[in-house]
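A.B. asks: Below is a structure I'd like to ask you about.
Number of protein chains: 2
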Amino acid sequence: MKNRYELLANGMASEIRAGRVPSGSRMPSLRQMMAQHGVSQATVSRAYYLLEEWGLIRARERSGYYVARGASLGLVSSQKSNDVTIEGKVDISTLVFSVLEAARHPGIVPLGSAFPSPQLFPLARLAKSLGHAVRLVNPWSTVVDLPPGNEHLRRQIALRYMAMGIPQSVDDIVITNGALEALNLCLMAVTRPGDVVAVESPGFYAALQAIERLDLRAVEIPVSPETGLDLNALENALNTHSVKACWFMTSFQNPTGTSLSTAKKQALVEMLTRFDVPLIEDDVYGELHFQPEYPIPAKGFDTQGLVMHCSSFSKTLAPGYRVGWVSAGRYSSTVQNLKLMTTLSASIPAQAGIADYLQHGGYDKHLRKLRTALRNQLVDMDGALRRWLPPGVRWTKPEGGYFLWLELPHEVDAMELHRQAISQGLSLAPGPIFSASHGYRQCIRINFGHPLTAKIEGSVKILGQLLETASES
Amino acid sequence: MKNRYELLANGMASEIRAGRVPSGSRMPSLRQMMAQHGVSQATVSRAYYLLEEWGLIRARERSGYYVARGASLGLVSSQKSNDVTIEGKVDISTLVFSVLEAARHPGIVPLGSAFPSPQLFPLARLAKSLGHAVRLVNPWSTVVDLPPGNEHLRRQIALRYMAMGIPQSVDDIVITNGALEALNLCLMAVTRPGDVVAVESPGFYAALQAIERLDLRAVEIPVSPETGLDLNALENALNTHSVKACWFMTSFQNPTGTSLSTAKKQALVEMLTRFDVPLIEDDVYGELHFQPEYPIPAKGFDTQGLVMHCSSFSKTLAPGYRVGWVSAGRYSSTVQNLKLMTTLSASIPAQAGIADYLQHGGYDKHLRKLRTALRNQLVDMDGALRRWLPPGVRWTKPEGGYFLWLELPHEVDAMELHRQAISQGLSLAPGPIFSASHGYRQCIRINFGHPLTAKIEGSVKILGQLLETASES
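Structure (structure tokens):
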């Protein structure tokens, strides 16, 4: 049984989602609503607050509430986008923000989260390194550590590349505010407004947001949950469009968890070299491999400086420190200059702290522990899904990272499921946020980066119930 | 008497500066040069190294040296730009980068630096706060402290606004990677490619770089070294152009050190309110006032949420921490979303460390000491300039910050002076980097943010000699 304000909010939400209240239009004032519905001011306020939480309306200072841009996106007709290449302007941010915002509440069970549990990280040991390093920081490093960044840290990163068998020049490594900034700077380095960029479908929504923000256009290349990026479709796109850059995640891809085989990575680089198209390679999950070896990235086959290999410590060691990097090949000085112009440099204590930890903290030992924990959590989550989800739901078997990609029965609408899940206290990442065309309405991404507590198991059970109800209706 | 490699470099530099070697063209190989000039490989290498240091050529991995874009800019004819409004595409980055790069060498006396001496900051006390705060950081804050940022820090900043008499809502404050990111995000929030933006002339080169990077166009509004921004010229620009935003520094402006009077700030906001044009207010030097009171920013007169007030701790407390903010009024949710999309969040330990310091570290006491130090350094630098500079040089008398703006005799070319100064081991900031039209060729900016050591006094003496020679020739 719902409260009065929830009933009111639900009623208005359907009006907005159905597109009957145009986006950008002003919502009625509290006074009008009170009179119209015969309810108290508190009820109207709480209903509006809920609508805002759902991303359907936005408050403007001193002028009331307005219907959010794209609030009715949830109702565009479902489309088959797994095997088509679409090209066009991207409008994804509103949808992504409303989904992220809904999932951010601390009480919500984070099945839809993009982060693993921070309790898997050696935060106390890292804090020790930070405290140690910041006392030793040369005050003049504020000038010296401008891009490309702290040299000690860049040397530590270069050592790891060497251990991986793909040595990179220290001078090509640019330290950034997390991989997200690296990816964005790389995209800026090689495109101008109006250019076409190839992205994965389904793929990481930040790529779509960057494309939208920079007035670029997207060609979506299908990703199979089993075998990864469709290279034939890519070649086709390269032949038909003037593609200026590719932005791909080659290992443990977000959202599917799938990796390209080594042979496909090599073929990818050879193809892009032939077309002279740069690859922005997002490899933030590479260290989280369940097999013994780091899956060699596409960068390992790059002989022309055409691949910009982006990664960070956010998913493996230091969430929140915001330290990432790119080994940017022939684009490194352009990327450095863009970094100088936009955010100047990454936080110097954070860089120095991580450099100290890499040298003295036991990073590889921690990584082994982290990989084991994630692999076990995958087994546990897989078990929970088997126990509680109705038949007809399929999911991937990733060999690294912490994402599962679920295909639901065709009657289920992932956006609707997402809304119901939030109202039941759990989040999930609905398929439509992973494509410019808002496809994948029968898919969701599930996070197994948290230990399977009773609470999380309970939320999987609720998910199962929601799916059963949805299939019946 | 010069070395062989310096002679060689000088000869090639004049060719490049005169535009006789087109930018982008490949420089001769080492082998060709050895044969042509009958010199050793070491001589050629060192000459090329010098040319690179001067920003005239750039190395590309495995393919030799190329003439840098804009390397011949130094020779465009001098122009009177102090009283004209120019509008157009901006090409400033190459020039700025070559000047910054030349000044970055640790041995160079930093008269041209944009930073004060890091030894003026309580770095040890701040490190203690950072060490303390990072041990207490809630691991889950990686999710919670996404934009708008660490709440403790935002509350501390809001308290300072309140003490200043211009209370700001905690919800409007967005934490950024230094003020530079805040300014860039604000500009992105209110413009689209092709839009016209009003900037100061002379003004902070980062504004010009941002305009260039985002494909915007600049209208330069003259700044008088005595009275600041010319409001009549601004009104004229607002009437003639469809200006989408203004980016101004209202107190202790970079590079002139000049402030707008309180009455002019109020008139500025009233004018912009009339035209409904947002103001991006860069107030990073506001805390460095020599008068008893914080000079009220334009934001203090803003009743419509039209002013985005940007500042940071980089110039007052924590260089290198990269923590700044904007109180963005009606644009705060747009700015937050742009932050989420581009760099996700500022470094969480750095935010927490500064928040702890603000609460417990004695920030106001430190600021009083810092202001006294800077005021004394201004007196010292003013004295040194009087002792060593030839007659005919005039400079400003700022009431805060750490920049002096010098007008040189008309025979002197600031770009040429800059090159000579670098070769003598001191930097200065030549006027042309502060305008889209590369004007102010008779002006330089001098930094008094460092205590006047014998070495700095010596460099002022050298500057005087260079000026005398230049005036004679």
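Chains as they are written, first to last, in the numbering used here: chain A, 7 to 479; chain B, 7 to 479. Positions of the beta carbon are idealized from the N, C-alpha and C atoms, including for glycine. Computed from a predicted model, the values in this text were never measured in an experiment.
For B/LEU266, which residues in chain A fall below 7 Å Cβ to Cβ?
C.D. replies: In chain order: nothing, as chain A lies at least about 26 Å away.
A.B. asks: Spatial neighbours of A/PRO415 within its chain, please: C-beta separation below 6 Å, excluding the five flanking residues on both sides.
C.D. replies: Hits under 6 Å: GLY398 and SER477.
A.B. asks: Residues of chain A with CB closer than 8 Å to the CB of B/GLY184, please, in chain order.
C.D. replies: Going along chain A in sequence order, the residues near B/GLY184 (Cβ under 8 Å) are THR349 and LEU350.
A.B. asks: Could you tell me the boundaries of the alpha helix (DSSP H) in which B/SER485 lies?
C.D. replies: For chain B, the structure presents residues 7 to 479; residue 485 of chain B sits outside this window and is missing.
A.B. asks: Could you pull the start and end residues of the alpha helix (DSSP H) that A/VAL349 belongs to?
C.D. replies: The amino acid occupying residue 349 of chain A in the given sequence is Thr; Val does not appear at that position. No alpha helix (DSSP H) contains A/THR349, which DSSP labels as neither H nor E.
A.B. asks: Below 8 Å on the Cβ atoms is my contact criterion, and I expect B/THR264 with B/PRO404 to pass it. Report the Cβ-Cβ distance as a whole number of Å.
C.D. replies: With 8 Å as the limit, B/THR264 and B/PRO404 qualify as a contact, their Cβ atoms being about 7 Å apart.
A.B. asks: Would the region 453-468 of chain B count as touching the region 378-385 of chain B if we require 3 or more Cβ pairs under 8 Å?
C.D. replies: Segments in contact, yes.
A.B. asks: Residues of the region 350-382 of chain B with a CB closer than 8 Å to any CB of chain A: list them in chain order, please.
C.D. replies: Per Cβ criterion, the list reads LEU350, SER351, ALA352, SER353, ILE354, PRO355, ALA356 and GLY359.
A.B. asks: Could you check what DSSP says for B/TYR291 in three-state terms: helix, strand or coil?
C.D. replies: Looking at B/TYR291 - three-state DSSP - the assignment turns out to be coil, as it is neither helix nor strand.
A.B. asks: Can you name, in chain order, every residue of its own chain whose Cβ lies under 7 Å from the Cβ of A/PRO261, other than the five neighbours on each side?
C.D. replies: So the list reads PRO208, PHE409, TRP411, ALA435, PHE440 and ARG451, once near-sequence residues are dropped.
A.B. asks: If you count every other CB in all the chains shown that lies within 10 Å of the CB of A/PRO173, and 16 or more means buried, which is it?
C.D. replies: When all chains shown are included, A/PRO173 counts as exposed.
A.B. asks: Quick check on B/ARG219 - is its C-beta less than 8 Å from some C-beta in chain A?
C.D. replies: At least one chain A Cβ lies under 8 Å of B/ARG219.
A.B. asks: What's the call for B/THR182, buried or exposed, on a 16-neighbour Cβ count within 10 Å?
C.D. replies: Looking at its Cβ environment, which holds 16 or more other Cβ atoms inside 10 Å, B/THR182 is buried.
A.B. asks: Checking 8 Å against the spacing of the C-beta atoms, do B/LEU344 and B/LEU395 come in under that value?
C.D. replies: No, they are not a contact pair.
A.B. asks: With a threshold of 8 Å between beta-carbons, can B/ALA435 be considered close to chain A, or not?
C.D. replies: Cβ-Cβ to chain A under 8 Å: no for B/ALA435.
A.B. asks: CB B/LEU62 to CB B/VAL73, shorter than 8 Å?
C.D. replies: Against a cut-off of 8 Å, the Cβ pair of B/VAL73 and B/LEU62 comes out as a contact.
A.B. asks: According to DSSP, is B/PRO325 helix, strand or coil?
C.D. replies: Coil at B/PRO325, not helix or strand.
A.B. asks: Which residue or residues does DSSP assign as beta-bridge partners of A/TRP411?
C.D. replies: Answer is A/ARG451.
A.B. asks: List, in order along the chain, the chain A residues whose C-beta lies closer than 9 Å to that of B/GLU187?
C.D. replies: What B/GLU187 touches in chain A: ASN183, THR348, THR349 and LEU350.
A.B. asks: Which of the residues in the region 303-326 of chain B, read from start to end, lie with their CB under 7 Å from any CB of chain A?
C.D. replies: Answer in chain order: GLY311, PRO325 and GLY326.
A.B. asks: Is B/GLN174 close to chain A, meaning its C-beta is less than 8 Å from at least one C-beta of that chain?
C.D. replies: No, B/GLN174 lies away from the interface with chain A (no Cβ there is under 8 Å from its Cβ).
A.B. asks: Using the Cα positions of A/ASP178 and A/ILE163, report the straight-line distance between them to the nearest angstrom.
C.D. replies: Looking at the two C-alpha atoms, the distance is approximately 11 Å.
A.B. asks: Measure the CB-CB distance between A/VAL202 and A/HIS247 and report whether it falls below 8 Å.
C.D. replies: Going by C-beta atoms, A/VAL202 is nearer than 8 Å to A/HIS247.
A.B. asks: Please list, in chain order, the residues of the region 210-235 of chain B that have any C-beta partner in chain A closer than 8 Å.
C.D. replies: Taking 8 Å as the Cβ-Cβ cut-off against chain A, the residues of the region 210-235 of chain B that qualify are ALA212, GLN215, ALA216, ARG219 and ASP221.
A.B. asks: Which of the three DSSP states is assigned to A/LYS250 in this structure?
C.D. replies: Here A/LYS250 sits in strand by DSSP.
A.B. asks: Which partner residues of A/ALA487 appear in the DSSP bridge assignment?
C.D. replies: Residue 487 of chain A cannot be examined here, being either before or after the span of chain A that is shown, 7 to 479.
A.B. asks: Along the chain, where does the beta strand (DSSP E) containing B/ILE98 start, and where does it finish?
C.D. replies: Run containing B/ILE98: none; DSSP gives neither H nor E here.
A.B. asks: On the CB-based measure, 16 or more other CB atoms within 10 Å of its CB, does A/THR349 come out buried or exposed?
C.D. replies: Label assigned to A/THR349: buried.
A.B. asks: Helix or strand or just coil, what does DSSP make of B/ILE267?
C.D. replies: In the sequence on display, residue 267 of chain B carries Ser and not Ile. Coil, per DSSP.
A.B. asks: Does A/ASN16 have its Cβ less than 8 Å from a Cβ in chain B?
C.D. replies: No, no contact with chain B.
A.B. asks: B/ALA133 and B/SER320: beta carbons closer than 8 Å?
C.D. replies: Not a contact, by the Cβ cut-off of 8 Å.
A.B. asks: Could you spell out where the alpha helix (DSSP H) holding A/ALA195 opens and where it closes?
C.D. replies: 184-196 is the span of the alpha helix (DSSP H), which, as asked, contains A/ALA195.
A.B. asks: From what residue to what residue does the alpha helix (DSSP H) around B/ILE462 run?
C.D. replies: 460-478 is the extent of the alpha helix (DSSP H) around B/ILE462.
A.B. asks: Can B/ALA420 and B/ILE98 be called in contact, C-beta distance under 8 Å?
C.D. replies: No, Cβ-Cβ distance for B/ALA420 and B/ILE98 is not below 8 Å.
A.B. asks: Does chain B have any CB closer than 8 Å to the CB of A/ALA133?
C.D. replies: Interface residue, yes.
A.B. asks: Would A/MET168 be called buried (16 or more neighbouring beta carbons within 10 Å of its own) or exposed?
C.D. replies: Answer is exposed; the Cβ neighbour count stays below 16.
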